[in-house]
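Here UniProt numbering is used: the first residue of the sequence shown is 1, the next is one more, and so on. This report refers to the structure that appears directly beneath it.
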Amino acid sequence: MFGPAANTGHDNSGVSGPVLIPMRFVWPYGGRRVLLSGSFTRWTDHIPMSPMEGCPTVFQVIHSLMPGYHQFKFFVDGEWRHDEHQPFVTGNYGVVNTVILAREANVIPAIYSPEATDGSNMDVDNDLFLRLEAISRISEADIETSRHRISEFLSTHTAYELLPESGKVIALDVNLPVKQAFHILYEQGIPVAPLWDFCTAQFVGVLSALDFILILREGGCDGGLSFFLDK
Numbered sequence: 001m002f003g004p005a006a007n008t009g010h011d012n013s014g015v016s017g018p019v020l021i022p023m024r025f026v027w028p029y030g031g032r033r034v035l036l037s038g039s040f041t042r043w044t045d046h047i048p049m050s051p052m053e054g055c056p057t058v059f060q061v062i063h064s065l066m067p068g069y070h071q072f073k074f075f076v077d078g079e080w081r082h083d084e085h086q087p088f089v090t091g092n093y094g095v096v097n098t099v100i101l102a103r104e105a106n107v108i109p110a111i112y113s114p115e116a117t118d119g120s121n122m123d124v125d126n127d128l129f130l131r132l133e134a135i136s137r138i139s140e141a142d143i144e145t146s147r148h149r150i151s152e153f154l155s156t157h158t159a160y161e162l163l164p165e166s167g168k169v170i171a172l173d174v175n176l177p178v179k180q181a182f183h184i185l186y187e188q189g190i191p192v193a194p195l196w197d198f199c200t201a202q203f204v205g206v207l208s209a210l211d212f213i214l215i216l217r218e219g220g221c222d223g224g225l226s227f228f229l230d231k
């Protein structure tokens, strides 16, 4: 479909020197064979894309580009297609997707769409997969700093402090009288509650409304919850 043409990505980038930024291209709409082509390949070379592990309908490929303005399309099962959820324009090669890369590798690429007058195709796509993104280069120092902050936070907080203030966990002691346990569940409006054994320092069971019926049948309503566990 496409023949040799001027390399739009190189002509408009205004960058001298071999400055390359890894980019991830994603085609999330399935297919048997998906290829990528664009101004960065002079529209003559096709780059094979591979299915993502665990998501066979999502194809991706990482390709290094020079900073600047680029156009690209996807060749899906013998048909040229573009992603309507990414910025696109209509040019010499039909409808193509576009992207602008900044010089910094960790900057999310800006999108250029001169044909978009109403901004309809400039909306941000927040789906599970980012259609196109710059791969951040994180230094070892940044990683160690993050690890230190996480470790410090975990060592100075308990699990109970991390629970929402509006939430509460109700546990019943195994030695609690059955009648009192029933009233607690009724007053709190909860159908079930875990049973806590202070001797073993662990949860040993779960008490529900059905269990109260079984306890009544066994005639143990005057005893403690440990009677229920023995049964």
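Don't be surprised by glycine CBs; every beta carbon is placed ideally from N, CA and C.
Figure out for me which residue from Gly189, Cys55, Val174 and Ile213 has the closest Cα to the Cα of alanine 201.
That would be Val174, whose Cα lies nearest to the Cα of alanine 201.
Going by alpha carbons, who is nearest to glycine 36 out of Glu140, His70, Asp142 and Ile184?
Going by the sequence as given, residue 36 is leucine instead of glycine. Among Glu140, His70, Asp142 and Ile184, the Cα nearest to that of leucine 36 is on His70.
In whole angstroms, what separates the C-alpha of proline 51 from that of valine 76?
Cα to Cα, the separation comes out at about 13 Å.
Going by DSSP, name the residue or residues bridged to proline 51.
DSSP lists Phe59 as partners of proline 51.
Name the one or two DSSP bridge partners that alanine 171 has.
BP columns for alanine 171 are empty, so no partner.
So, using beta-carbon positions, are valine 96 and phenylalanine 72 closer together than 9 Å?
Contact: yes.
Indicate whether glutamate 210 and valine 204 have their beta-carbon atoms separated by less than 9 Å.
In the sequence under discussion, the amino acid at residue 210 is leucine, which differs from the glutamate named in the question. Their beta carbons are not under 9 Å apart, which means leucine 210 does not touch valine 204 by this criterion.
Terminal residues of the continuous alpha helix (DSSP H) containing serine 155?
Serine 155 -> alpha helix (DSSP H) spans 140-155.
Of the choices Glu187, Glu79, Val99 and Ser146, whose alpha-carbon is the least far from that of proline 87?
Ranking Glu187, Glu79, Val99 and Ser146 by Cα distance to proline 87 puts Val99 first.
Take valine 61 and list the residues in its own chain whose beta-carbon comes closer than 8 Å to its own, dropping the five residues that flank it on each side.
Arg24, Phe25, Leu36, Ile47, Pro48, Met49 and Ser50, listed in sequence order.
Taking all protein chains shown into account, do 16 or more other C-beta atoms lie within 10 angstroms of the C-beta of phenylalanine 74, making it buried, or fewer, making it exposed?
With 16 or more other Cβ atoms within 10 Å, it is buried.
Going by DSSP, what residues sit across from arginine 217 in a beta bridge?
BP columns for arginine 217 are empty, so no partner.
Identify the continuous alpha helix (DSSP H) that holds alanine 181 and give its terminal residues.
178-188 is the span of the alpha helix (DSSP H), which, as asked, contains alanine 181.
Output yes or no for whether 9 Å exceeds the beta carbon distance between leucine 172 and alanine 141.
No, Cβ-Cβ distance for leucine 172 and alanine 141 is not below 9 Å.
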